[in-house]
Amino acid sequence: MRAVPLLLVLTAVGAGFPAGAAAQGPPMMPMRAGSQAPAGGSAPTLNPPTSIFLGGVPSGTKTANAIPITVVDAIQRALDHNLGVLTAEQEVGRAEGARWRMLSELLPNVNGRVSETREKLNLAAFGFGSSTSGPFAGIPSIVGPFNVFDARVYLSQAVIDFGAINDARSEAHNVSAAQYTYHGARSFVIHVAATLYTQALAAAARADAARAQAETAQALYNQAVDLKQGGLVAGIDVLRAEVELNSETQRATSAANDSEKAKLQLARVMGLPIGQEFTLDATVPDLPKPDLTLDQAVALAYDHRADYQAALERVRAAEAARQAIIGEALPSVHVNADYGTIGLTVSDAQATYTLTGGLTVPIFQGGKTRGRLLEADADIRKRRTEAEDLKAGIYYDIRTAFLDLQATDQQLQVATKARDLAAQQLTQSRDRFAAGVGSNIEVIQAQEAVAVANEQYISAFYGYDLAKGALIRGIGTAEDALRQLMGGSR
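Below, the structure written as structure tokens:
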């Protein structure tokens, strides 16, 4: 276990949702002036359509006391209550419903009907008359009134219908795409929840660091006042110390405010009861750097990234939809049948049936089929370009993660040494000032150097873990990593 500040490797794991969303990195904490961004530049924030993952459905009852939340707790709650996951889950249901509608065109359709009719007919309207000769001699023009009872079951069945077959196949691919998208949503929620949890921890660490800097500034100010009263330093030294104290106090206030806002955003993503107070666990699990070559990581990503698999399924769905259009222009065979009893009353009803087989041959549809094929071809090209773009994006994501992994490793080593040197510089400058050898200009400069060195260390530390997390996220093994954290459960 490692103590904060630490960027949980899971902050950048898993397949993205929707296509293209996973390529975005986790939002980074704001850095003070003079600090350096991690290798690879500043990461973009979550923008629409990924903003749906920043929402959640509040669940549970608010308690009076603050509840402890670990990073795993935050991820679990987000998986259960995050708006992005819930929306993706409903889209799976919609896709399955559309598939069953298409299957209904291939499966038997059976209906039952019972009717009781009272009729009075004018046979003369159908060519029957009251003539005295001929086959209809003696039949009156008006018949009835009389009752007709009919109880019947109707059956219709497609025997050969290539259009319906490919429509059902297309919807089956759409269901698979929706399921992959759902898994991608879960992976991306792991990324979002862990990012915001770590962001909240980092904000709390920055608030603590700013508070410590303010306390140091207060001590330096008090020291300057005491030395001035003893006649050892000039008034300008007290003024400089007071300016530095005000600056550090303002930074501490701003950092504390940022920390509280980070916790509010995390609470929303997790779906906590509105107004629920909670505390964070300052230690988070550490995952090792994946031991893979670039080619191995890319190949693994193409197999595991749910967003890429969903894109491939959408290509197959578009191709099947085109085949359905061609199938509708081919002959089709359907069977229709009914069986039931009919009579003047229920007691004297007799069994009857009808069985019809029909062959439908489309001859001319006025260019409708050609127009639909042109649309389908455009849809296929669009889906293929989306899949190819995502495939390239996966490669560049992983390549970038490898580059950042190497750069931030070196940056972390330098930042660690710089932080130690800055601390030594501050100690020596304070001793020189107390001895009256130097002015507090050196002290203030050393204090600023410590602040910058601490921020650079945090940025390098987070950047190194971010690169590891970006690699895991790019590969698409978010839920595997989560199960590892939870000891194999869920």
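Count the sequence shown with the numbering used here and you get residues 47 to 536, in order. Where a beta carbon is used, it is the ideal one built from N, C-alpha and C, also for glycine.
With C-beta atoms as the reference, is residue i less than 8 Å away from residue j?
| i | j | result |
| --- | --- | --- |
| V194 | I388 | yes |
| L528 | I121 | yes |
| G101 | R232 | no |
| L242 | A263 | no |
| G139 | F234 | no |
| A308 | A246 | yes |
| D327 | T116 | yes |
| A537 | I521 | With the chain represented from 47 up to 536, any question about residue 537 goes unanswered, as that position is not in the structure. |
| S305 | A250 | yes |
| A253 | A302 | yes |
| D425 | A497 | no |
| F174 | S187 | yes |
| R286 | I98 | no |
| D145 | A218 | According to the sequence as given, residue 145 is Arg; it is not Asp. The answer is yes: Cβ separation under 8 Å. |
Thinking residue i and residue j are a contact (beta carbons under 8 Å), I'd like their distance in whole angstroms, please.
| i | j | result |
| --- | --- | --- |
| P317 | H127 | It is Gly, not Pro, that sits at residue 317 in the sequence shown. Their Cβ separation, rounded to whole angstroms, is 3 Å, which keeps G317 and H127 in contact under 8 Å. |
| N157 | Y226 | About 37 Å; that fails the 8 Å criterion. |
| R368 | D423 | 7 Å |
| P319 | G106 | 5 Å |
Could you compute how far the alpha carbon of residue i sits from the alpha carbon of residue j?
| i | j | result |
| --- | --- | --- |
| R351 | E323 | 36 Å |
| Q474 | Q269 | 15 Å |
| A366 | R519 | 31 Å |
| I113 | L312 | 14 Å |
| Q396 | A197 | 10 Å |
| T406 | S378 | 5 Å |
| P408 | I372 | 11 Å |
| R429 | A464 | 50 Å |
| G277 | D477 | 17 Å |
| E288 | S300 | 19 Å |
| L390 | I206 | 39 Å |
| A420 | D337 | It should be pointed out that residue 420 corresponds to Leu in this sequence rather than to Ala. If you take the alpha carbons of L420 and D337, they lie about 47 Å apart. |
| N168 | I185 | 11 Å |
| A260 | D353 | 47 Å |
| G417 | L376 | 16 Å |
| V221 | P331 | 36 Å |
| L310 | A255 | 21 Å |
| Y267 | V284 | 6 Å |
| A433 | Y510 | 30 Å |
| D349 | I490 | 55 Å |
| V271 | R297 | 23 Å |
| S88 | I504 | Residue confidence is low: S88 scores 35 on pLDDT, short of 50, so the model does not pin down where it sits. No coordinate-derived value is stated. |
| R427 | E359 | 14 Å |
| K437 | K335 | 23 Å |
| K274 | Q470 | 25 Å |
| T415 | T523 | 44 Å |
| M75 | Q530 | Because the pLDDT of M75 is 36, which lies under 50, any placement of that residue in the model is unreliable, and the question is left without a value. |
| A468 | T133 | 50 Å |
| S293 | Q493 | 12 Å |
| R123 | Q411 | 55 Å |
| T244 | Q502 | 17 Å |
| N111 | D119 | 17 Å |
| T329 | L125 | 21 Å |
| L153 | E135 | 27 Å |
Who are the Cβ neighbours of residue i in its own chain at under 7 Å, not counting the five residues just before and after it?
| i | result |
| --- | --- |
| A370 | G209, N212, D213 and S216 |
| A506 | P84, T454, Q457, L458 and A461 |
| N500 | A255 and R465 |
| P104 | G317, L318, P319 and I320 |
| G413 | none |
| S150 | none |
| G281 | K274 |
| L472 | A492, Q493 and V496 |
| A170 | S187 |
For residue i, which residues in the same chain have their Cβ closer than 8 Å to its Cβ, ignoring the five residues on either side in sequence?
| i | result |
| --- | --- |
| L340 | I444, R445 and F448 |
| Y399 | A383, D384, Y385 and G386 |
| H380 | S202, Q203, A204, V205, D207, G403, G404 and T406 |
| E525 | G60, H229, R232, S233 and I236 |
Can you find the residues in the same chain that come closer than 6 Å, C-beta to C-beta, to residue i, ignoring five residues on each side of it along the sequence?
| i | result |
| --- | --- |
| V344 | Y441 and I444 |
| K166 | G190 and P191 |
| E374 | G209 |
| A224 | E137, V138 and A141 |
| T163 | V194 |
| T295 | A260 |
| N155 | S202 |
| F479 | N486 and V489 |
| T401 | Position check: residue 401 holds Leu in this sequence, whereas Thr was assumed. For L401, where only same-chain residues beyond five positions count, the Cβ hits under 6 Å are A383. |
field: Length at least 4, wholly inside the segment 281–330: the alpha helix (DSSP H) runs in chain order
entry: As for any alpha helix (DSSP H) of minimum length 4 sitting wholly inside the segment 281–330, the runs are 281–316, ordered along the chain.
For the segment 349–377, which segments carrying the alpha helix (DSSP H) assignment without a break, of at least 4 residues, lie completely within its bounds, in sequence order?
Along the length of the segment 349–377, whole alpha helix (DSSP H) runs at least 4 residues long occupy 352–374, reported in chain order.
message: What ranges does the beta strand (DSSP E) occupy inside the segment 163–227, keeping only unbroken runs of at least 3 residues that lie completely in it?
response: Complete beta strand (DSSP E) runs here, min 3: 188–206.
*What alpha helix (DSSP H) runs, 4 residues minimum, are completely inside the segment 100–132?*
For the segment 100–132, the continuous alpha helix (DSSP H) assignments of 4+ residues that do not extend past its boundaries occur at 117–127, in sequence order.
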